[in-house]
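Using numbering that gives the first Met the number 0, the letters of the sequence shown map in sequence onto residues 0 to 303.
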Amino acid sequence: MSAAPRVSIVLATHDQARWLPATLASIQAQTLGEWELLLVNDGSTDDTAAIAARATADPRVRDLPTPHRERCAARNHGIAAGSGDLVAFIDGDDLWQPEKLERQVARLEATPDAALCYTVARYVDADGRPLPIRRPTVPVEGAIFPALVRANRMILSSVVVRRTVLDRVGGFDETLPALGCEDWDLWLRIARHHAVTLVPDELTAYRVHAANTPHAAVLASGVAVVRKLYRDPDVLGAARLSEAGALASLHWYHASAARAGGRGPALRLAGRAFASAPGSLLTRPALGALARIVLPRAAHRLLP
């Protein structure tokens, strides 16, 4: 009997056939070869099924077609089907640098108290060309729960998490009323009680294109995550931030991101942030958002 793989990679995809071959190639190019790929085809209607069938020529790849149930259920299906002690996530339009898994596994081995490891991500366009955006701008590690309440600092495709921790906190919440921040919800549940570590290099590429989840849906999902989080009265002390403050921080973040669509949408979100918590106006998220809204775009690269 062969040994269990070191890492179970969960790739849940729906109608991403245009980018899926490049994503699969970036997985197969990993310098760490002890992985299994749980490729969950979440009811795709494009050529995903044919691409997945061809991918199984690599015995490390398992094709797991399911009816369309959305990303939380699809990822949970992949988690349950895997056997590795570590679980990595990647979306069907994102990319990895070849050394990503090897360096993250080494980092987790060196920091046994850490529940998960993430990397910095570089945003790329639909054709894979780098964009002037990286996330997070300022990486953090350790007891990051208070910082994570203020902003989701981790791209899903950058994360490797210990399976024992997933078993303890549960997987993706299939009951969330809106999708887009379901990964943030999971990271918050993990970081509430566990340390987080990182590899502070751009080993993940997050692809930006017209089929990404719309900003309005991501914002609605973020509000749902904050509301859920603060149902626990102990969160206030752990986060050192009120629910109103967390909602304001969320809206400031989205106001900054919305600047790409014009000042009008960005200013409306800034107004909602201020209405949630007027005192947030002098916080770093607010000042950064206002600078991005007001300053000429050529000055944005100078902002932290």
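Ideal Cβ placement from N, Cα and C applies to all residues, glycine included.
Values in this document were obtained by computation on a predicted structure and should not be read as measured data.
DSSP state of residue i mapped onto helix, strand, coil
i: Leu100; result: helix
i: Thr203; result: strand
i: Asp62; result: strand
i: Val222; result: helix
i: Arg70; result: helix
i: Gly169; result: coil
i: Arg188; result: helix
i: Gly141; result: strand
i: Thr196; result: strand
i: His299; result: Residue placement at His299 is poorly supported in this model, since its pLDDT is 42, which falls under 50; the coordinates still yield a value, given next. Residue state, collapsed to three classes: helix.
i: Val158; result: coil
i: Gly287; result: helix
i: Ala3; result: coil
i: Trp251; result: helix
i: Leu94; result: strand
i: Gln27; result: helix
i: Ser241; result: coil
Cβ neighbours of residue i in the same chain (closer than 7 Å, five flanking residues each side left out)
i: Ala194; result: Asp112, Ala113, Ala114, Gly141, Ala142
i: Ala73; result: Ala11, Val39, Asp41, Thr65
Neighbour-count burial assignment, residue i, 16 or more Cβ in a 10 Å radius
i: Thr163; result: exposed
i: Glu35; result: buried
i: Ala2; result: exposed
i: His67; result: exposed
i: Ser156; result: buried
i: Ser25; result: buried
i: Asp231; result: exposed
i: Thr55; result: exposed
i: Leu130; result: exposed
i: Pro284; result: buried
i: Ala274; result: exposed
i: Pro213; result: exposed
i: Thr22; result: buried
i: Ala247; result: buried
i: His13; result: buried
Residue span of the beta strand (DSSP E) that contains residue i, given as start and end
i: Leu304; result: Since the displayed the chain opens at 0 and closes at 303, residue 304 lies outside it and no answer follows.
i: Ala11; result: 6-12
i: Leu392; result: Look at the range of the chain in this structure, 0 to 303, and you will see that residue 392 is not part of it.
i: Pro129; result: 129-134
Sequence-distant residues of its chain with Cβ nearer than 6 Å to residue i (five each side left out)
i: Asp84; result: Arg162
i: Arg239; result: Pro145
i: Gly221; result: Cys180, Leu249
i: Trp18; result: Asp92
i: Ala125; result: His208
i: Cys71; result: Phe171, Glu173, Glu181
i: Thr196; result: Arg106, Thr110, Ala113, Cys116, Glu140
i: Ile132; result: Tyr122
Run of the alpha helix (DSSP H) containing residue i, from where it starts to where it stops
i: Thr118; result: Premise fails: Thr118 lies in the beta strand (DSSP E), 113-123, not in any alpha helix (DSSP H).
i: Ala87; result: First-last for Ala87: 85-88, but that is the beta strand (DSSP E), not the alpha helix (DSSP H).
i: Thr47; result: 47-54
i: Leu235; result: 234-238
Cβ neighbours of residue i in the same chain (closer than 8 Å, five flanking residues each side left out)
i: Phe9; result: The question names Phe, but residue 9 is Val in the sequence shown. Answer for Val9: Leu37, Val39, Arg74, Gly77, Ile78, Gly81, Val86, Ala87, Phe88, Ile89, listed in chain order.
i: Ala245; result: Val148, Arg149, Val225, Leu228, Tyr229, Ala238
Next item on the list: Kindly confirm or deny that the stretch 118-129 and the stretch 41-53 touch, where touching means at least three C-beta pairs closer than 8 Å.
Entry: no
Notebook entry, point to check: Taking three-plus beta-carbon pairs below 8 Å as touching, is the stretch 196-208 in contact with the stretch 79-98?
Noted result: yes
Check: Does the stretch 167-186 touch the stretch 210-220, meaning 3 or more C-beta pairs lie closer than 8 Å?
Finding: yes
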